[in-house]
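In terms of my numbering, the sequence shown opens at residue 2 and continues consecutively. From the three backbone atoms N, C-alpha and C, an ideal C-beta is built for every residue, glycine too.
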Amino acid sequence: MRRMLRGLPLIAVALVAACGGGGEGKPVTTEATPGPGQTPTEVVTVTVPNTANAKPVPTGKPTFKITITASAHTVRAGEPIRFTVRAVDANGKPAAGTAKMRVFLGSEVVDTLGFFPFTGTLTRNYRFSPLLKGKDVILQAEVDGAGGTQRANWPMHVT
């Protein structure tokens, strides 16, 4: 039996999401034909723009600054490394934002750690995949906050 999401077969939801939901970041409403015993429902999908950029350049006009630090520049695959992202406004006070944490190999995203809302300081641990052994990577914080987005990179070597 197929899993259902608000009366829609899961495959229909996946297809809508995979198709990008209509493009240009605008919400799209789609209707599915209900099966026997199901009620009609609408699915709203939103296309999230891909903002991944390996270069630590801002977008928009952010009114805050960020830094990223980690416990080392060299890490063993599978062992935890601790990283910290700090955000401050023009007065040096803690700034609020959402950090999109990613790992880049060259200009390609190879892992997304998650999206983390925070104010001032975000500290987390992360373990690099054994598939990255011998590679030079970038741990990046992309922080969306007041006025735009800031990016900061921490170069690393995985052993």
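Would you mind working out which of the options sits nearest residue i, comparing C-alpha positions?
{"i": "F65", "options": "R152, M157, H158", "result": "R152"}
{"i": "P118", "options": "M157, T70, P95", "result": "P95"}
{"i": "A53", "options": "T75, A78, G149, F105", "result": "F105"}
{"i": "P63", "options": "P81, E80, D90, K136", "result": "D90"}
{"i": "N126", "options": "P57, P81, T75, R77", "result": "P81"}
{"i": "R83", "options": "G107, S108, R128", "result": "R128"}
{"i": "T85", "options": "I67, A55, A147", "result": "I67"}
{"i": "D112", "options": "G148, G98, S130, P156", "result": "S130"}
{"i": "R87", "options": "T75, K56, G121, A147", "result": "G121"}
Quickly, what does DSSP pair residue i with across the bridge? List them, please.
{"i": "R125", "result": "F84"}
{"i": "G98", "result": "F119, G146"}
{"i": "H158", "result": "T75, D137"}
{"i": "T113", "result": "R103"}
{"i": "T64", "result": "None; T64 has no bridge partner."}
{"i": "T70", "result": "T85"}
When the Cα atoms are used, what is the spatial distance from residue i to residue j?
{"i": "A71", "j": "L123", "result": "12 Å"}
{"i": "P28", "j": "D145", "result": "At P28, the pLDDT of 47 sits below 50, so the modelled position is not reliable; the number obtained from the coordinates is stated separately. Spanning the two alpha carbons is a distance of roughly 20 Å."}
{"i": "M102", "j": "N92", "result": "25 Å"}
{"i": "T150", "j": "I69", "result": "14 Å"}
{"i": "R77", "j": "N154", "result": "19 Å"}
{"i": "A97", "j": "D137", "result": "30 Å"}
{"i": "P57", "j": "L140", "result": "11 Å"}
{"i": "P156", "j": "T75", "result": "9 Å"}
{"i": "P59", "j": "G135", "result": "30 Å"}
Residue j and residue i - do their beta-carbons sit closer together than 7 Å?
{"i": "V110", "j": "L133", "result": "no"}
{"i": "A73", "j": "A100", "result": "no"}
{"i": "A147", "j": "S108", "result": "no"}
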